[in-house]
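Asker: Under my numbering, the first residue of the sequence shown carries the number 1, and numbering increases by one thereafter.
From the three backbone atoms N, C-alpha and C, an ideal C-beta is built for every residue, glycine too.
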Amino acid sequence: MTANLPEKPTAPFLNQLRNLIIVLTATVLAVGIFLGLRTESSTVSLTDLETDSIPYEVALENGKPTLMEFYANWCTSCMAMAPFMRELETEYAERVNFVMLNVDNTKWLPELTKYRVDGIPHFVFLGGEGEAIAEAIGEIPRAVMAENIEALIAGNPLPYAKAKGQNSALNSSALPKTSSKTDPRSHSAQVVN
């Protein structure tokens, strides 16, 4: 007596099934990677931050403390900080002015000179009367920036004043073309008699 056993699948059928599983798995992984990379990429541009920031002149006169950022669209450190700077601006907008000044705009040459900007991003923390309290240069971690903003609001000394992080050397077309011997930002100015 022979039992009726199901027939064994043929080799071509197994190969097709295996190939289908591989294709489906690869597709799911590709979609997952694509969506993962998309959600990690910054959707905040520096131009958007500047457009949404408080005008410099208004910030100096409205009585609120100010965080002023000197930046350039080509600055990789500025771009890296943009997403969390947007978050901080949203969080503190009622209590702090956020001002963005593009170093490639010749309009800001007096401010570039006044605050001795020689690397970007360059942050200047201003009190409610527009007086410079502290500065930070370079790519600053979000937590450090948030602590500085909290201290600025409270009127306390900034815990990370004069902080320095990775920055881009300032090479702006807005700067006057002078000899490095007479440029006060060169840090090697010489007095000629």
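If you reduce the DSSP assignment to three classes, tell me which class Asn19 lands in.
Answerer: Position 19 of the sequence shown holds residue 19. Looking at Asn19 - three-state DSSP - the assignment turns out to be helix.
Asker: Tell me the start and end of each unbroken alpha helix (DSSP H) in the segment 36-105 that is at least 4 residues and wholly inside, in chain order.
Answerer: Segments of the alpha helix (DSSP H) lying fully in the segment 36-105: 46-52, 56-61, 76-92.
Asker: Nearest-angstrom Cα distance between Leu62 and Met81?
Answerer: Counted from its first residue, the sequence shown places residue 62 at position 62. Counted from its first residue, the sequence shown places residue 81 at position 81. Per the sequence presented here, residue 62 reads as Asn, with Leu not at that position. Each residue's alpha carbon lies about 26 Å from the other.
Asker: With distances taken between CB atoms, is the gap from Asn97 to Ile54 smaller than 8 Å?
Answerer: The count along the sequence shown starts at 1 and reaches residue 97 at position 97. The count along the sequence shown starts at 1 and reaches residue 54 at position 54. Yes. Within cutoff.
Asker: Is the segment 82-92 close to the segment 109-118, with three or more CB pairs under 8 Å?
Answerer: No, they do not touch.
Asker: Just list the residues that DSSP pairs Leu126 with in beta bridges.
Answerer: Sequence index remark: in the sequence shown, residue 126 carries index 126 (1-based). Paired residue(s): Thr66, Ala132.
Asker: On the criterion of 16 or more Cβ atoms from any shown chain inside 10 Å, does Asn148 qualify as buried, or is it exposed?
Answerer: For the purposes of this step, residue 148 is identified with residue 148 of the sequence shown, where counting begins at 1. By the neighbour-count rule (16 or more Cβ atoms within 10 Å), Asn148 is buried.
Asker: With DSSP run on the structure shown, which of helix, strand or coil describes Ile140?
Answerer: For this step, residue 140 is matched to residue 140 along the sequence shown. In the structure shown, Ile140 sits in coil (DSSP, three-state: anything other than H, G, I, E or B).
Asker: Using 8 Å for Cβ pairs, my map puts Leu158 next to Phe125. What's the rounded Cβ distance?
Answerer: Taking the sequence shown and counting its residues from 1, the one referred to as residue 158 is at position 158. Taking the sequence shown and counting its residues from 1, the one referred to as residue 125 is at position 125. Contact holds; Cβ gap of about 6 Å.
Asker: Compute the Euclidean distance between the alpha carbons of Thr66 and Gly130, then round it to the nearest angstrom.
Answerer: The sequence position of residue 66 within the sequence shown is 66, counting from 1. The sequence position of residue 130 within the sequence shown is 130, counting from 1. Thr66 and Gly130: Cα-Cα distance of roughly 8 Å.
Asker: Whole angstroms is fine: what's the gap from Leu17's alpha carbon to Val28's?
Answerer: In the sequence shown, residue 17 corresponds to position 17, counting from 1. In the sequence shown, residue 28 corresponds to position 28, counting from 1. Leu17 and Val28: Cα-Cα distance of roughly 17 Å.
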